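Residue numbers (our numbering), protein chains in the order written: chain G, 911 to 1390; chain W, 911 to 1390. Glycine is no exception: its CB is placed at the ideal position from the N, C-alpha and C atoms. Everything numeric in this text was worked out from a predicted model, so none of it was measured. As structure tokens, the structure follows; a few thoughts come after it.
Protein chains: 2
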Amino acid sequence: MSLKNARELGSFFNPESIAVIGVSRESMSFGGSSFLHHWLKAGYSGRLYPINPKATEVLGLKAYPSLRALPEVPDLVMVAVRADLVPAALTECADVGARFIHVLTAGFSEIGTPEGRELEARLAAIAKERNLRIIGPNCMGPYSPASHLTAWGGIPGLDGRLGIISQSGGVTQRFTEYISSLGVGVSKAASIGNAAVLDSPDFLEFMAGDSDVDLIAVYLESIRDGRRFFDLARRVTPRKPIILLKGGESRRGAATVSSHTGRMAGDPVIWKSVFEQTGIVPVTNLQEWVDACLAFSLLPKTRGKGVFIVGGGGGNSVIFSDACIRAGLEVPTLTDRSMGRIRPFVPVAGSIAGNPLDFWGTYLVNDFLFEALNAAYEDDSIHMVVVDRLIPRIAFHSPDLTSDSFAEIVEFIQSRRQAKPTVFTIDYDGGDSDLIRQGSDLRARFCRAGIPAYPSFERAIGALARFYRYCRRFGHAAGR
Amino acid sequence: MSLKNARELGSFFNPESIAVIGVSRESMSFGGSSFLHHWLKAGYSGRLYPINPKATEVLGLKAYPSLRALPEVPDLVMVAVRADLVPAALTECADVGARFIHVLTAGFSEIGTPEGRELEARLAAIAKERNLRIIGPNCMGPYSPASHLTAWGGIPGLDGRLGIISQSGGVTQRFTEYISSLGVGVSKAASIGNAAVLDSPDFLEFMAGDSDVDLIAVYLESIRDGRRFFDLARRVTPRKPIILLKGGESRRGAATVSSHTGRMAGDPVIWKSVFEQTGIVPVTNLQEWVDACLAFSLLPKTRGKGVFIVGGGGGNSVIFSDACIRAGLEVPTLTDRSMGRIRPFVPVAGSIAGNPLDFWGTYLVNDFLFEALNAAYEDDSIHMVVVDRLIPRIAFHSPDLTSDSFAEIVEFIQSRRQAKPTVFTIDYDGGDSDLIRQGSDLRARFCRAGIPAYPSFERAIGALARFYRYCRRFGHAAGR
């Protein structure tokens, strides 16, 4: 695909008109009608055309019997008819000159039958012969909050600078709403399913050239042209990090890939080597994916792997230190100068002055926290900071902990423009609904204020370790 | 310590009277008074004696000038005076014949000074000379919901069959309230801090012989008599699983250990070998600790490592399969008989009939879920089941998902007495407060009904992998 062709894919994300072939008058279950319903709800401002030969109106929109009957050539056509009717729908698209098509329908190569494979081959052949650009089949298609094109995932969605390319509709939906709910917005997401025509390299090339995208998150099960993906990734990663969740690394996972998107998952050894040679950042599950995207989206670059740990208590200071080392980071001894600043306000008994810094005062009095952070920001051995933030709990014998010092902390960190990457951890897991409400609320507020906050120390460190390795490799370009 | 001496430690957890040396009349900050306050609040029904030479009453309780002035010898004395006053307090205990003592006070060997070490040596010498049983110093002491002895951790606490031994007060508090909030109760917890007199092997021996304890969770930073711990653990693990969070495995973590509890962490290579030779179950953080305790507390034993995965969607089916394999478990192909039962109700397109089973119907219609579970329970290749339970979300285009089928699911699994270990996963992480509320509530309800539920698939699989390895080794004794 030429560069011109890659740019052209932008049409999927900013259509001025959309026709939907395959809408039901009654059912609002998953399909053409539910997409129309969600586009309307999300405030999509372009023209929507339901195509149904038996209806005059669907969801208050004028319905048309066919594409031919439309007053214009739609920028995007969504095809949601039964699998065996898809080829005819595609031919109709080509006949009227509609070239950008999303095939929602499932039932192609992923069902594992000769018929399914044959149907997918026909789809690809029509696309080639008639020069159609097709996303799918078996996928959720394009998503773009800036265009109010948000029928799935975060609805109405949050505009931002993240690009997503994914072979799973369900995973992309969840990922999109998950990261949006933490304040990191999405520029464009492409759920590409079986990727019979347009494949991940096509969208990677498009997003590489898209000035609205800074960071690319990819969920991949398989790939047709591995060499092209590899060459592209090597060019893209130094400028825009690619965070990749690869499904099907195990033989069993690979077997499931063939039932899901009808393709081959590829050798995990090859993929490992691809990660090493391209600088793609690998993750293994949804949580790691979101955690890394938070760090890469919000943090300034780090110049090293020295972590300063604040708070958490004595036992956690030990456990957290272990976690840093296990993840390949360091917990350096503070300089004498830093110790000289910290020691005066940390009691000798029941606390630990140093790194980790275990001192209840950092929860209770912001000035203690700020003095510790200032010392760390000026300490050359420290490159990143993790602050453990407990939630007020009566079981900790500290009724004073109820004051909300959030705004002041955010202001302090923002005023220093995150001098060094600084993240928070807030542990609220379990079955205590009050703790969960307070903790998750605090976490979301930190994230939305541009400060990554994680529900466990290990998850914070996992994200920081990935971020550090990326910065070490592409230092000049990394970070916000 | 003899077996008789070990049994004697039960006195710490069921005292009929407690004296507290070191209570303030005014301050309710952490210390003797806040412990009294919490015992009163928790409904402790024994006799409480504040010792304060200047007060006549503390928190509505009659105060006494000294232990000598008490009307009886208290079963337990808590010492919360300044570190340098501790030796005199211990001597006073010995003089009146009080032998079970919890030293809350910090400022001993953990502060790293000759004075601190010397003070701790004096404490140990007095204990030896006067035959005192001391928990501490620098710790939260005993905790026992059945005795309403819950001044920290879950308050009022949930009685149960878990025993906890820990060198970190903060970690034990959080762990105790965390696991209690999920419906798994604690029989006894001992926060032992610097463990200058009574050490982890003493409490391990005690809990090994305690018929109220089925499962032992240990947080250890260091150990004096490693051989004794090893020999005990080897005897205990076949009957009662020991789940151990070892702090200080890295050199940096070990350095922090010495600031926290004033001791040496021991060689991680040795610890690894201890785990292998004893069958102790190692975990590396608080979440893994709780996750494993849920599985070990609630599940019947597993006879193999074959996992049946239900729900989650296509992409998650791939990612979850990978996670099982990575954790050392298997995702077996179902037998023809099972497939014959499942295939009729799973649509060919958009779903996957098999293992994983990806079918929306299992969320929507309980009968589909039950039929799949029944097939798995009768399939010899399947040993454990993980059901992914999505929360109703409009973004998934399924307005029907709002019905609450929880009660019926619980009844189904309970009526089969968990024929094979069956756990649920509910992903609600992020910043969507409504999703968090619904998801965490559902999770807690499952756990409290005796069905382990985890906030991510990886965490469920981590717990099941540990459980499987334990059952493989000690098959005859494992499980509920």
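| How about W:Val1297: is its C-beta nearer than 8 Å to some C-beta of chain G? | Taking the first residue of the second sequence as 1, we reach residue 1297 of chain W at position 387. Judged by the 8 Å Cβ criterion, W:Val1297 is not in contact with chain G.
| query | Excluding sequence positions up to five away, which residues of its chain have a Cβ less than 8 Å from the Cβ of W:Ile1323? | reply | By 1-based counting over the second sequence, the position of residue 1323 of chain W is 413. Closer than 8 Å at the Cβ level, and outside the excluded window around W:Ile1323, lie Leu1283, Thr1332 and Ile1361.
| Which runs of the beta strand (DSSP E) fall wholly inside the region 1305 to 1390 of chain W and span at least 3 residues, in chain order? | Segments of the beta strand (DSSP E) lying fully in the region 1305 to 1390 of chain W: 1332 to 1335.
| said: What are the residues in the region 944 to 978 of chain G lying within 7 Å of chain W by C-beta distance? | reply: Contacts with chain W (Cβ-Cβ distance below 7 Å) from the region 944 to 978 of chain G involve Ser944, listed in chain order.
| said: Quick check: what's the CA-CA separation for G:Glu1002 versus W:Ala1370? | reply: For the purposes of this step, residue 1002 of chain G is taken as the residue at position 92 of the first sequence. For the purposes of this step, residue 1370 of chain W is taken as the residue at position 460 of the second sequence. Counting only the Cα atoms, W:Ala1370 lies some 48 Å from G:Glu1002.
| message | Taking DSSP's pairing of strands, which residues face W:Phe1010 in a bridge? | response | Taking the second sequence and counting its residues from 1, one reaches residue 1010 of chain W at position 100. In the DSSP output, where bridge partners are listed per residue, W:Phe1010 has W:Arg1043.
| Cut-off 7 Å between Cβ atoms - residues of its own chain near G:Leu980, not counting five sequence neighbours on either side | Taking the first residue of the first sequence as position 1, residue 980 of chain G is located at position 70. Closer than 7 Å at the Cβ level, and outside the excluded window around G:Leu980, lie Ala929, Tyr959 and Tyr974.
| said: Quick check: the Cα distance between G:Val1191 and W:Ala1099, rounded to an integer number of angstroms? | reply: Along the first sequence, one-based indexing puts residue 1191 of chain G at 281. Along the second sequence, one-based indexing puts residue 1099 of chain W at 189. As the crow flies, the alpha-carbon of G:Val1191 is around 42 Å from that of W:Ala1099.
| said: Could you check whether G:Asn1104 and G:Glu1025 sit closer than 8 Å to each other, using their CB atoms as the reference points? | reply: Translated into positions along the first sequence, residue 1025 of chain G becomes position 115. Translated into positions along the first sequence, residue 1104 of chain G becomes position 194. Contact: no.
| message | Using only CA atoms, which one of W:Arg1213, W:Val1128, W:Gly1225 and W:Ser1169 lies nearest to G:Gly1227? | response | Against the first sequence, residue 1227 of chain G aligns to sequence position 317. The question names Gly, but residue 1227 of chain G is Ser in the sequence shown. Nearest C-alpha to G:Ser1227: W:Ser1169.
| message | Below 7 Å on C-beta distance, what does W:Thr1272 contact in chain G? | response | Stepping through the second sequence from its first residue, residue 1272 of chain W is reached at position 362. Those within 7 Å of W:Thr1272 in chain G number zero; the least Cβ separation is about 14 Å.
| Where do the N-terminal and C-terminal ends of the alpha helix (DSSP H) with W:Met1249 fall, by residue? | Working through the second sequence from its first residue, we reach residue 1249 of chain W at position 339. Here the alpha helix (DSSP H) through W:Met1249 covers Asp1246 to Ile1252.
| field | Among W:Lys1150, W:Thr1243, W:Ala1118 and W:Val1179, nearest to W:Ala916 - alpha-carbon criterion | value | Numbered from 1 along the second sequence, position 6 holds the residue referred to as residue 916 of chain W. Among W:Lys1150, W:Thr1243, W:Ala1118 and W:Val1179, the Cα nearest to that of W:Ala916 is on W:Ala1118.
| is_contact[G:Ser1160, chain W] using C-beta, thresh 8 Å | Within the first sequence, the letter at position 250 stands for residue 1160 of chain G. When Cβ-Cβ separations below 8 Å define contact, G:Ser1160 makes contact with chain W.
| query | Which stretch, first to last residue, makes up the beta strand (DSSP E) that contains G:Gly1073? | reply | In the first sequence, counting from the first residue as 1, residue 1073 of chain G sits at position 163. Start and end: Asp1069 to Ser1076.
| said: Assuming G:Pro1192 is part of the beta strand (DSSP E), what are its boundary residues? | reply: Translated into positions along the first sequence, residue 1192 of chain G becomes position 282. Judged by DSSP secondary structure, G:Pro1192 falls within the beta strand (DSSP E) whose first and last residues are Val1191 to Val1193.
| message | Short of 8 Å Cβ to Cβ, which residues in the region 1233 to 1245 of chain G face chain W? | response | For the region 1233 to 1245 of chain G, the residues whose beta carbon sits under 8 Å from a beta carbon of chain W are, in order, Ala1233, Cys1234, Ile1235, Arg1236, Glu1240 and Val1241.
| Closer than 8 Å at the beta carbon, the chain G residues around W:His1170 | Numbered from 1 along the second sequence, position 260 holds the residue referred to as residue 1170 of chain W. Within 8 Å Cβ-Cβ: Gly1224, Gly1225, Ser1227, Val1228, Ile1262 and Asp1268.
| How many angstroms separate the CA atom of W:Asp1268 from the CA atom of W:Gly1221? | Here residue 1268 of chain W refers to the residue found at position 358 when the second sequence is read from its first residue. Here residue 1221 of chain W refers to the residue found at position 311 when the second sequence is read from its first residue. Each residue's alpha carbon lies about 5 Å from the other.
| Just the Cα atoms here: how many angstroms apart are W:Val877 and W:Phe1140? | Residue coverage of chain W in this structure runs from 911 to 1390, which leaves residue 877 of chain W outside it and unanswerable.
| Is there contact between the region 1047 to 1061 of chain W and the region 1193 to 1200 of chain G, where contact requires at least three CB pairs shorter than 8 Å? | No: fewer than three Cβ pairs fall under 8 Å.
| task | With 8 Å as the limit, tell me which residues of the region 1354 to 1382 of chain W have their beta carbon closer than that to any beta carbon of chain G; keep them in chain order. | result | Correct list: Ala1354, Cys1357, Arg1358, Pro1365, Ser1366, Phe1367 and Glu1368.
| field | Continuous beta strand (DSSP E) stretch holding G:Met988: start and end | value | The sequence position of residue 988 of chain G within the first sequence is 78, counting from 1. Boundaries of the beta strand (DSSP E) around G:Met988: Leu986 to Val989.
| Which residues of chain W have a Cβ atom closer than 8 Å to the Cβ of G:Leu1092, listed in chain order? | On the first sequence, position 182 is the one that residue 1092 of chain G refers to. Per Cβ cutoff of 8 Å: Gly1340 and Gly1341.
| Paired residues, beta bridge with G:Tyr1129 - DSSP | The sequence position of residue 1129 of chain G within the first sequence is 219, counting from 1. BP columns for G:Tyr1129 point to G:Ser1076 and G:Leu1155.
| message | Tell me which residues share the same chain as G:Arg1376 and place their Cβ nearer than 6 Å to its Cβ, disregarding the 5 neighbours each side in the sequence. | response | As a first step, residue 1376 of chain G is located in the first sequence; it is residue number 466 there, counting from the start. These residues qualify, in order along the chain: Val1191 and Ala1202.
| field | Within-8 Å CB hit, G:Tyr1088 to chain W | value | For the purposes of this step, residue 1088 of chain G is taken as the residue at position 178 of the first sequence. Yes - at least one Cβ of chain W is within 8 Å of the one on G:Tyr1088.
| query | Among W:Leu1072, W:Gly941, W:Val1297 and W:Glu936, which has the Cα closest to the Cα of W:Arg1353? | reply | In the second sequence, counting from the first residue as 1, residue 1353 of chain W sits at position 443. Distance check between W:Arg1353 and each of W:Leu1072, W:Gly941, W:Val1297 and W:Glu936 places W:Val1297 closest, using alpha-carbon atoms only.
| So is W:Ile1074 in contact with chain G if we call contact Cβ pairs under 8 Å? | Here residue 1074 of chain W corresponds to residue number 164 of the second sequence, with the count starting at 1. No, W:Ile1074 does not count as interfacial toward chain G.
| Does the separation of the CB atoms of W:Ser1110 and W:Ile1153 fall below 8 Å? | Looking up residue 1110 of chain W in the second sequence gives position 200. Looking up residue 1153 of chain W in the second sequence gives position 243. In this structure, W:Ser1110 lies away from W:Ile1153, with their beta-carbon atoms at least 8 Å apart.
| field | Exposure label - G:Ile1180; buried when at least 16 CB within 10 Å | value | Taking the first residue of the first sequence as 1, we reach residue 1180 of chain G at position 270. Label assigned to G:Ile1180: exposed.
| said: Short of 7 Å in beta carbon distance, which residues of its chain neighbour W:Gly1223, apart from the five on each side in sequence? Order them along the chain. | reply: On the second sequence, position 313 is the one that residue 1223 of chain W refers to. Closer than 7 Å at Cβ, skipping near neighbours: Asp1268.
| Inter-residue spacing [alpha-carbon to alpha-carbon] between G:Arg1144 and G:Leu1092 | Against the first sequence, residue 1144 of chain G aligns to sequence position 234. Against the first sequence, residue 1092 of chain G aligns to sequence position 182. The straight-line gap from Cα to Cα measures roughly 29 Å.
| Leaving out five residues before and five after G:Ala1388 in sequence, what residues of the same chain have Cβ atoms less than 7 Å from its Cβ? | Locating residue 1388 of chain G in the first sequence gives position 478, where the first residue counts as 1. Only weak support is given to the placement of G:Ala1388: the predicted model assigns it a pLDDT of 45, under 50, and the value that follows is read from those uncertain coordinates. Correct list, in chain order: Lys1211, Tyr1380 and Cys1381.
| request: Rank G:Gly1157, G:Ala1016 and G:Val1094 by C-alpha distance to the C-alpha of W:Val1258 and give the top, closest one. | output: Counting from 1 along the second sequence, the entry for residue 1258 of chain W is found at position 348. Among G:Gly1157, G:Ala1016 and G:Val1094, the Cα nearest to that of W:Val1258 is on G:Ala1016.
| request: Measure the beta-carbon distance from W:Val983 to W:Gly1007 and round it to whole angstroms, keeping in mind my assumption that it falls under 8 Å. | output: Numbered from its first residue, the second sequence carries residue 983 of chain W at position 73. Numbered from its first residue, the second sequence carries residue 1007 of chain W at position 97. The C-beta separation of W:Val983 from W:Gly1007 comes to about 5 Å, placing the pair in contact by the 8 Å criterion.
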